[in-house]
Amino acid sequence: MSVLKSGIIDTDVHPWVNGDIKGLLPYLSQSWQKHFDGRYTLPNHALRPPLARASSNRIDEIPPNGGEPGSDPTYVSSQLLDRYNIKYAILSSIQAGKLVTFPNSNEAIALARAFNDFMINEWLPVDPRYKLAACIAVHNPIEAAKEIRRVAQNKSVVAIFMPLFNILMGNQHYHPIYDAAQECGLPIFLHPTGTEGGFSTSLQFAGGVPSTYIERHTSFPQIGMAQLNSLVFEGTFVKFPNLKVVLAEFGYSWLPHVLWRMDQNWRGFRKEIPWITEEPSQIVLDKVRLTSQPVEEPNKNKYLMQIFEMIQAEKTLMFSTDYPHWDNDFPDHTFTSIPEELKQRIFHDTAAEFFSLD
1 MSVLKSGIID TDVHPWVNGD IKGLLPYLSQ SWQKHFDGRY TLPNHALRPP LARASSNRID
61 EIPPNGGEPG SDPTYVSSQL LDRYNIKYAI LSSIQAGKLV TFPNSNEAIA LARAFNDFMI
121 NEWLPVDPRY KLAACIAVHN PIEAAKEIRR VAQNKSVVAI FMPLFNILMG NQHYHPIYDA
181 AQECGLPIFL HPTGTEGGFS TSLQFAGGVP STYIERHTSF PQIGMAQLNS LVFEGTFVKF
241 PNLKVVLAEF GYSWLPHVLW RMDQNWRGFR KEIPWITEEP SQIVLDKVRL TSQPVEEPNK
301 NKYLMQIFEM IQAEKTLMFS TDYPHWDNDF PDHTFTSIPE ELKQRIFHDT AAEFFSLD
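In our numbering, the protein residues as written are 1 to 358.
Okay, here's the thing in C-alpha cells:
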C-alpha cells in the first residue's frame, strides 16, 4: 500500500489496566484506596461476546509476560505500531468507559483521573507515537471540565473521551465540558463503552433491552444517530463553534440516511430551531468525523464508493483498527480497492488535520 509511505494514523486503540481498579491504586490517594478496598473489579455487561473467556479482547494478543491483551505498551508498539507503520495511535480506554455504571459521581471522578494519570505515566512515555483520548466522568460536568483543563497541559493528549449515559449530548448538562474542550482545542471522542442497555445509569437502546450480544453489538449505530441528532438540533455547534466530535466504532453507512432526514425536517420545521441557520448536513460534515472500524464493506466495491461519495469520506472518515478486539481491522486488509488519494485521506491526512498531529 503506497499510503504506508506517510505512515498511518490509527484513531482507535484500546489500552488495558491489569487488575481494573487494583491496577490504578498507585494513582489513587490513600483515602480512595481505602474506599475501594475489596471493590477492585469494574462491572461487565451481562451480554458478553460468545468467545473465549467471554471477552472482546483477542487471546492471541496476550503479552508474553501475561496480563490482558492491550496491557503492555511495549508489546503493542511492536505488534501494532511497528508491524503496520502506525505513525500515531490514539488511545481510548473502554475500561474507563465503564465509569458510567457508577451512580456515585465522586467515585467516577476519582477513577477517571486515575485512569488518565496511569495512561500519561505508563503509556505515553513508552512511545512518542502514542496519543491519548483522556477520559472524563460525565456525571459532574464542572469537575469534568477541570479534568480536561488539567490533562490538556500534556501535549500528547489529543482528545477527550466522553462516556455516555442517559442524557443526550445536546443537553445543557454537558456545556461546561464543551466549553473546556473548545478552550483547549480538544475534540470530543465518543465510543461504545460496553455498558449500553445493561445498567441503570448507562445509555439505553431504543425500543428496549436486547437479549443477546449480537443484538447489542448490531445496535451500536443507533447511539451515534441519536447523539448526532441531539448535538445538531440542540444547537451545540452554534453555542460552541470550535467544538469537534468523533464518532468511533458506530459505523458510517447510516450517515447518508440521517443527513437527508435531518435536512428534510429542517426545511419543514426550522421555525422550531431558529438557531440553526444552515443545513444540518453541512454542520455535520464540518464538525464531525467517523472512524472506519468495524468496516462496512458491501459485496460490490461500487456500492462502497457510492457510500463514500455520499458521506464525503475524503473529509469525514478516519482509519481505525480497534486493536486488540476480536473484530479489529488491520490496514493491509482494509479498503484495499479504493483510489490511492482517498486512501491517503482516510488512513492519514484527515486524522492529522482533525487531531492537529502534524
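Cβ coordinates follow ideal geometry from the N, Cα and C atoms, glycine included.
Exercise for the section: Look at the alpha carbon of S281 and the alpha carbon of G67, and state the distance between them as a whole number of angstroms. Expected result: To locate residue 281, count along the sequence shown from 1; it is residue 281. To locate residue 67, count along the sequence shown from 1; it is residue 67. Each residue's alpha carbon lies about 44 angstroms from the other.
Handout entry: Inter-residue CB distance, S93 and H45 (contact presumed, cutoff 8 angstroms)
Key = The sequence position of residue 93 within the sequence shown is 93, counting from 1. The sequence position of residue 45 within the sequence shown is 45, counting from 1. The beta-carbon distance between S93 and H45, rounded to whole angstroms, is 16 angstroms. This is too long to meet the 8 angstroms contact definition.
Handout entry: Extent of the continuous alpha helix (DSSP H) to which R150 belongs
Key = The residue labelled residue 150 in the question sits at position 150 within the sequence shown. Element bounds for R150: 141-151.
Practice task
In the DSSP assignment, find the alpha helix (DSSP H) that holds D179 and state where it starts and stops.
Solution key: For the purposes of this step, residue 179 is taken as residue 179 along the sequence shown, with counting starting at 1. Taken as a continuous stretch (DSSP letters only), the alpha helix (DSSP H) holding D179 covers 175-184.
Exercise for the section: Report the three-state DSSP secondary structure of M318 (helix, strand or coil). Expected result: Numbered from its first residue, the sequence shown carries residue 318 at position 318. DSSP places M318 in strand when its eight states are reduced to three.
Handout entry: Proximity to Y303 [Cα-Cα], best of S320, S253, D263
Key = Numbered from 1 along the sequence shown, position 303 holds the residue referred to as residue 303. When only C-alpha atoms are compared, the closest one is S253.
Problem - L243 beta carbon less than 8 angstroms from that of I188 - result: The residue given as residue 188 occupies position 188 in the sequence shown. The residue given as residue 243 occupies position 243 in the sequence shown. Yes, the Cβ-Cβ distance between I188 and L243 is below 8 angstroms.
Practice task
Please work out which residues of its chain come closer than 8 angstroms, Cβ to Cβ, to D20, disregarding the five sequence neighbours upstream and downstream, and give them in chain order.
Solution key: Translated into the one-based positions of the sequence shown, residue 20 becomes position 20. The residues are Y40, T41, L42, Q95.
Problem - beta strand (DSSP E) segment containing L47, residue limits - result: Walking along the sequence shown from the start, residue 47 turns up at place 47. No beta strand (DSSP E) contains L47, which DSSP labels as neither H nor E.
Exercise for the section: Tell me whether K87 sits in a helix, a strand or coil according to DSSP, three-state version. Expected result: Counting from one through the sequence shown, the residue named residue 87 turns up at place 87. In the structure shown, K87 sits in a strand (DSSP, three-state: E or B).
Exercise for the section: Just mark S356 as buried or exposed, buried being the case when its beta carbon has 16 or more other beta carbons within 10 Å. Expected result: For the purposes of this step, residue 356 is taken as residue 356 along the sequence shown, with counting starting at 1. Label assigned to S356: exposed.
Problem - Alpha-carbon to alpha-carbon, A181 and E143 - result: To locate residue 143, count along the sequence shown from 1; it is residue 143. To locate residue 181, count along the sequence shown from 1; it is residue 181. So the two alpha carbons sit approximately 13 angstroms from each other.
Practice task
Assign K34 to one of three DSSP states: helix, strand, or coil.
Solution key: Numbered from 1 along the sequence shown, position 34 holds the residue referred to as residue 34. The three-state reading of DSSP puts K34 in helix, counting H, G and I together.
Practice task
Kindly list the residues whose CB is nearer than 6 angstroms to the CB of V295, restricted to its own chain and excluding five residues on each side of it in sequence; keep chain order.
Solution key: Locating residue 295 in the sequence shown gives position 295, counting from the first residue. Excluding positions up to five away in sequence, the list reads D329, T334.
Handout entry: Meets three-Cβ-pair contact criterion under 8 angstroms: the segment 171-179 and the segment 210-228
Key = no
Exercise for the section: Can you grab the Cα-Cα spacing for the pair G224 / D327, in whole Å? Expected result: The residue labelled residue 224 in the question sits at position 224 within the sequence shown. The residue labelled residue 327 in the question sits at position 327 within the sequence shown. In a straight line, the C-alpha of G224 is about 19 angstroms away from that of D327.
Exercise for the section: Say whether the segment 23-31 touches the segment 246-260, bearing in mind that this needs 3 or more beta-carbon pairs closer than 8 angstroms, one atom from each stretch. Expected result: no
Practice task
Excluding the 5 residues preceding and the 5 following N154 in the sequence, name in chain order all residues of the same chain whose CB lies nearer than 8 angstroms to its CB.
Solution key: Position 154 of the sequence shown, counting from 1, holds the residue named residue 154. Cβ neighbours of N154 beyond the five flanking positions: I120, L124, L132.
Problem - Buried versus exposed, by CB contacts within 10 Å (16 or more), W275 - result: For the purposes of this step, residue 275 is taken as residue 275 along the sequence shown, with counting starting at 1. Exposed, since its Cβ has fewer than 16 Cβ neighbours within 10 Å.
Exercise for the section: Could you spell out where the alpha helix (DSSP H) holding A110 opens and where it closes? Expected result: Here residue 110 refers to the residue found at position 110 when the sequence shown is read from its first residue. First-last of the alpha helix (DSSP H) with A110: 105-122.
Exercise for the section: Below 6 angstroms CB to CB, which residues in the same chain sit around P298 once its five sequence neighbours on both sides are set aside? Expected result: As a first step, residue 298 is located in the sequence shown; it is residue number 298 there, counting from the start. These residues qualify, in order along the chain: L304.
Exercise for the section: May I ask you to report which of helix, strand or coil DSSP gives N57? Expected result: The count along the sequence shown starts at 1 and reaches residue 57 at position 57. Looking at N57 - three-state DSSP - the assignment turns out to be strand.
Problem - Limits of the beta strand (DSSP E) - the one that K302 falls within - result: For the purposes of this step, residue 302 is identified with residue 302 of the sequence shown, where counting begins at 1. First-last for K302: 301-311, but that is the alpha helix (DSSP H), not the beta strand (DSSP E).
Exercise for the section: Count the CB pairs spanning the segment 188-200 and the segment 28-37 that are closer than 8 angstroms, and state whether there are at least three. Expected result: Counting Cβ pairs under 8 angstroms, fewer than three are found: no touch.
Exercise for the section: Check whether the Cβ of N301 lies closer than 8 angstroms to any Cβ atom in chain B. Expected result: Judged by its chain identifiers, the structure shown contains no chain B, having just a single protein chain.
Handout entry: the segment 154-171 in contact with the segment 215-229 per 3-pair CB rule at 8 angstroms
Key = yes
Exercise for the section: Would you mind stating whether C135 and P103 have Cβ atoms separated by less than 8 angstroms? Expected result: Against the sequence shown, residue 135 aligns to sequence position 135. Against the sequence shown, residue 103 aligns to sequence position 103. No, the pair does not count as a contact, with Cβ atoms beyond the cut-off.
Problem - Rounded straight-line distance, which links the Cα of T218 to that of T361 - result: The structure shown does not extend to residue 361, since the chain is modelled only from 1 through 358, so no value can be given for it.
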